[in-house]
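Undergrad: Provided herewith is a single structure, encoded as structure tokens, for subsequent inquiry.
2 protein chains.
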Amino acid sequence: MVTDHVNAPTECSCVYGVGFMTSERQVRKRDAAATREALLQAAGTLFAERGFDRTTVRDIAKLAGVNQALLFRYFGSKEAVFEEVMAKGGFEQVASTEPERLLETALRSMLTRDDRNRDHSIAAYLRSSGSTGTNGEIRRQVGEEYARALATLSDAEDADLRADLVLAWLLGIGLVRDVSGKEPLASADADRVVELVLGAARSLLERTG
Amino acid sequence: MVTDHVNAPTECSCVYGVGFMTSERQVRKRDAAATREALLQAAGTLFAERGFDRTTVRDIAKLAGVNQALLFRYFGSKEAVFEEVMAKGGFEQVASTEPERLLETALRSMLTRDDRNRDHSIAAYLRSSGSTGTNGEIRRQVGEEYARALATLSDAEDADLRADLVLAWLLGIGLVRDVSGKEPLASADADRVVELVLGAARSLLERTG
DNA sequence: AGCGTAAGTAAGCAACGGATTACAAGCTAG
DNA sequence: CTAGCTTGTAATCCGTTGCTTACTTACGCT
Chain A
6 MVTDHVNAPT
16 ECSCVYGVGF
26 MTSERQVRKR
36 DAAATREALL
46 QAAGTLFAER
56 GFDRTTVRDI
66 AKLAGVNQAL
76 LFRYFGSKEA
86 VFEEVMAKGG
96 FEQVASTEPE
106 RLLETALRSM
116 LTRDDRNRDH
126 SIAAYLRSSG
136 STGTNGEIRR
146 QVGEEYARAL
156 ATLSDAEDAD
166 LRADLVLAWL
176 LGIGLVRDVS
186 GKEPLASADA
196 DRVVELVLGA
206 ARSLLERTG
Chain B
6 MVTDHVNAPT
16 ECSCVYGVGF
26 MTSERQVRKR
36 DAAATREALL
46 QAAGTLFAER
56 GFDRTTVRDI
66 AKLAGVNQAL
76 LFRYFGSKEA
86 VFEEVMAKGG
96 FEQVASTEPE
106 RLLETALRSM
116 LTRDDRNRDH
126 SIAAYLRSSG
136 STGTNGEIRR
146 QVGEEYARAL
156 ATLSDAEDAD
166 LRADLVLAWL
176 LGIGLVRDVS
186 GKEPLASADA
196 DRVVELVLGA
206 ARSLLERTG
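As you go down the protein sequences, you meet chains A and B in turn.
Note that this note's numbering has the first sequence beginning at 6, numbered continuously upward.
Note that this note's numbering has the second sequence beginning at 6, numbered continuously upward.
Take a look at the structure:
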């Protein structure tokens with residue numbers, strides 16, 4: 006056969022994973038749970054980086070240092086992996102932050118290019134805006150969660166709507182910054198952005214009528 | 006061969022196009038310019054609906070009622086079509102609106118589900134957030150254009166940054182509304198949304214310090 | 001040790017999708 | 001009319017991609 010495109014050598018074929026996660030970079034041998042986790046981690050990174058469509062299961066598996074067939078054994082489908090990444094990241098963030106701090110926290114987590122311990126769910130959300138399947142449903146749910154929390158901050162009659170607008174702003178900032186890389190927002194000082202946004206958002210939420 | 010998936014019959018194989026555009030729904034015979042235009046129109050619709058990745062050149066050609074090879078003759082590549090759609094739609098909108106009205110106009114054009122004479126560029130922008138190539142470049146440029154116009158509205162020292170934030174809000178609203186379909190924003194009254202957003206945006210742009 | 005099951009792997013399948021090619025048909029200049 | 005360009009078409013190439021399958025290898029148990 007002629008098609009010998011590079012996919013066999015697995016690049017870094019050092020036994021069992023790139024030492025990618027789980028602190029101890031020791032060899033992981035035949036550990037189903039760890040393999041699953043590695044796949045989830047890798048998927049989170051790639052979905053956040055490239056979005057759902059442009060991430061292939063082969064890429065995920067390679068980054069996780071795992072055979073791609075295992076992805077299907079443990080998750081069933083690419084969509085299922087996406088759902089789990091989103092659900093995990095998104096819900097955890099909301100649940101673990103009190104509403105008053107949620108906006109600032111989410112904003113900061115988006116403004117800092119921390120890479121490592123960054124919450125991938127928002128970036129993944131943003132970069133996967135094309136998709137339609139079950140995929141869209143889970144994205145809606147995460148948004149719902151955020152908005153619910155934000156709505157508690159307003160006494161206005163249409164608190165829900167205002168919360169949606171704040172959420173929209175949050176996502177929009179991520180979009181312009183990370184996805185489009187537009188300056189000056191992309192490299193603006195986080196504190197300054199937080200200050201401006203929080204000010205306007207607060208006035209939006211508090212103002213009645 | 007077994008692969009006889011339905012792609013040959015072209016569905017509506019009525020001679021030359023679906024009467025899709027160009028007012029006069031008469032048969033268009035061997036008109037290169039019109040064919041090009043039809044492709045551009047169809048592409049705009051589909052990119053806005055599904056984003057770059059999930060739109061195939063075959064779909065574009067089918068909707069335009071044109072052979073798909075022509076797309077490559079007239080544009081060279083799928084990416085080039087996207088660029089032209091974005092450039093056309095985006096730049097026209099900005100150029101034809103004075104800055105004071107730009108925010109409201111863009112907002113309304115996003116809030117109304119007019120379908121027909123709607124500007125596709127923003128929706129296409131939003132739904133194509135995964136892509137990376139030349140694709141990303143043109144999206145950046147359109148954003149640049151909007152932000153430049155918006156920045157003229159502020160006297161603050163960091164007018165550019167504030168303009169970016171307003172742009173981000175605009176896009177975020179489109180994202181939450183059209184792409185995620187999140188309620189109550191998705192079916193909220195346009196006037197109400199405009200009122201809330203304009204108020205907050207104005208205060209953000211005007212406030213100094 | 002040996003056996004059964006879970007974990008891991010390589011190879012491949014079928015479908016898709018972007019791009020190309022070889023060809024047919026129409027318009028126009030000479 | 002016809003030569004030669006342009007416009008349109010069908011068919012196909014070829015790499016990619018989600019997913020499956022048939023198989024091997026390691027681990028835990030008795």
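The beta-carbon is built from N, C-alpha and C at its ideal position, and this holds for glycine as well.
From a predicted model like this one, the values you see are computed outputs, not experimental measurements.
Please classify B/T213 as buried or exposed, where buried requires at least 16 other C-beta atoms within 10 Å of its C-beta.
TA: By one-based count along the second sequence, residue 213 of chain B stands at place 208. Result: exposed.
Undergrad: Considering only the alpha carbon of each residue, which of A/K34, A/E188, A/G177 lies closest to A/Y130?
TA: Mapped onto the first sequence, residue 130 of chain A falls at position 125. Taking only the C-alpha atoms, the option nearest A/Y130 is A/G177.
Undergrad: Check each candidate in A/D169, A/A206, A/A128, A/L203 and name the one with the smallest Cα separation from A/L180.
TA: Counting from one through the first sequence, the residue named residue 180 of chain A turns up at place 175. Minimum Cα distance to A/L180 is reached at A/A128.
Undergrad: Look at the Cβ atom of B/A111, then the Cβ atom of B/L51, and state whether they are nearer than 9 Å.
TA: The count along the second sequence starts at 1 and reaches residue 111 of chain B at position 106. The count along the second sequence starts at 1 and reaches residue 51 of chain B at position 46. No, the pair does not count as a contact, with Cβ atoms beyond the cut-off.
Undergrad: So what's B/V71 in DSSP terms, helix, strand or just coil?
TA: In the second sequence, counting from the first residue as 1, residue 71 of chain B sits at position 66. Three-state DSSP puts B/V71 in coil, outside helix and strand.
Undergrad: Under 8 Å by Cβ, that's how I've got A/V99 and A/E150 pegged, so tell me the actual separation to the nearest angstrom.
TA: What you label residue 99 of chain A is simply residue 94 of the first sequence in a count that begins at 1. What you label residue 150 of chain A is simply residue 145 of the first sequence in a count that begins at 1. About 5 Å separates the two Cβ atoms, so the contact holds.
Undergrad: Is it the case that the Cβ atoms of B/A37 and B/Y79 are separated by a distance below 9 Å?
TA: Within the second sequence, residue 37 of chain B is the residue found at index 32, counting from 1. Within the second sequence, residue 79 of chain B is the residue found at index 74, counting from 1. Against a cut-off of 9 Å, the Cβ pair of B/Y79 and B/A37 comes out as a contact.
Undergrad: Does the beta-carbon of B/K34 have 16 or more other beta-carbons within 10 angstroms, so that it is buried, or is it exposed?
TA: For the purposes of this step, residue 34 of chain B is taken as residue 29 along the second sequence, with counting starting at 1. Exposed: under 16 other Cβ atoms inside 10 Å.
Undergrad: Would you list, in chain order, the members of the stretch 159-175 of chain B that have their beta-carbon closer than 8 Å to a beta-carbon of chain A?
TA: D163, D165, L166, R167, D169, L170, L172, A173, W174, L175
Undergrad: Please compile the residues from chain B whose C-beta is within a distance smaller than 7 Å of the C-beta of A/V184.
TA: Numbered from 1 along the first sequence, position 179 holds the residue referred to as residue 184 of chain A. Listed along chain B are S134, each with a C-beta nearer than 7 Å to that of A/V184.
Undergrad: B/F57 by DSSP, collapsed to three states: which one?
TA: Here the question's residue 57 of chain B lines up with position 52 in the second sequence. Of the three classes helix, strand and coil, the one that applies to B/F57 here is coil, per DSSP.
Undergrad: Verify whether the separation of the beta carbon atoms of B/E105 and B/L172 is less than 9 Å.
TA: The sequence position of residue 105 of chain B within the second sequence is 100, counting from 1. The sequence position of residue 172 of chain B within the second sequence is 167, counting from 1. Taking 9 Å as the Cβ cut-off, B/E105 and B/L172 do not qualify as a contacting pair.
Undergrad: Kindly list the residues whose CB is nearer than 7 Å to the CB of A/T102, restricted to its own chain and excluding five residues on each side of it in sequence; keep chain order.
TA: Counting from 1 along the first sequence, the entry for residue 102 of chain A is found at position 97. Cβ within range, chain order: T110.
Undergrad: Please list, in chain order, all residues of the same chain as B/H125 whose beta carbon is under 8 Å from its beta carbon, the five residues on each side excluded.
TA: Working through the second sequence from its first residue, we reach residue 125 of chain B at position 120. G49, T50, F52, A53, V90, G94, listed in sequence order.
Undergrad: Could you compute how far the alpha carbon of B/L201 sits from the alpha carbon of A/L75?
TA: Stepping through the second sequence from its first residue, residue 201 of chain B is reached at position 196. Stepping through the first sequence from its first residue, residue 75 of chain A is reached at position 70. Taking the straight line from one Cα to the other gives about 49 Å.
Undergrad: Using a beta-carbon distance cut-off of less than 8 Å, what residues from the stretch 51-74 of chain B approach chain A?
TA: R55, G56, F57, D58, R59
Undergrad: If you run the structure through DSSP and keep just helix, strand and coil, what is A/K93?
TA: Here residue 93 of chain A refers to the residue found at position 88 of the first sequence. Looking at A/K93 - three-state DSSP - the assignment turns out to be helix.
Undergrad: Check whether the Cβ of A/K83 lies closer than 9 Å to any Cβ atom in chain B.
TA: Residue numbering aside, residue 83 of chain A sits at position 78 when the first sequence is read from its first letter. Chain B, which has no Cβ nearer than 9 Å to the Cβ of A/K83, makes this no.
Undergrad: Please say whether A/S134 and B/V184 have beta carbons closer to each other than 9 Å?
TA: Walking along the second sequence from the start, residue 184 of chain B turns up at place 179. Walking along the first sequence from the start, residue 134 of chain A turns up at place 129. Yes. Within cutoff.
Undergrad: What residues from chain A crowd round B/R145, counting only those whose CB sits closer than 7 Å?
TA: Indexing the second sequence from 1 puts residue 145 of chain B at position 140. The contacting residues are S185, G186, K187.
Undergrad: Please report the distance separating the alpha-carbon of B/L45 from that of B/M115.
TA: In the second sequence, residue 45 of chain B corresponds to position 40, counting from 1. In the second sequence, residue 115 of chain B corresponds to position 110, counting from 1. If you take the alpha carbons of B/L45 and B/M115, they lie about 20 Å apart.
Undergrad: Quick check: A/D165 and A/A156, are their CB atoms within less than 9 Å of each other?
TA: Locating residue 165 of chain A in the first sequence gives position 160, counting from the first residue. Locating residue 156 of chain A in the first sequence gives position 151, counting from the first residue. A contact, by the Cβ cut-off of 9 Å.
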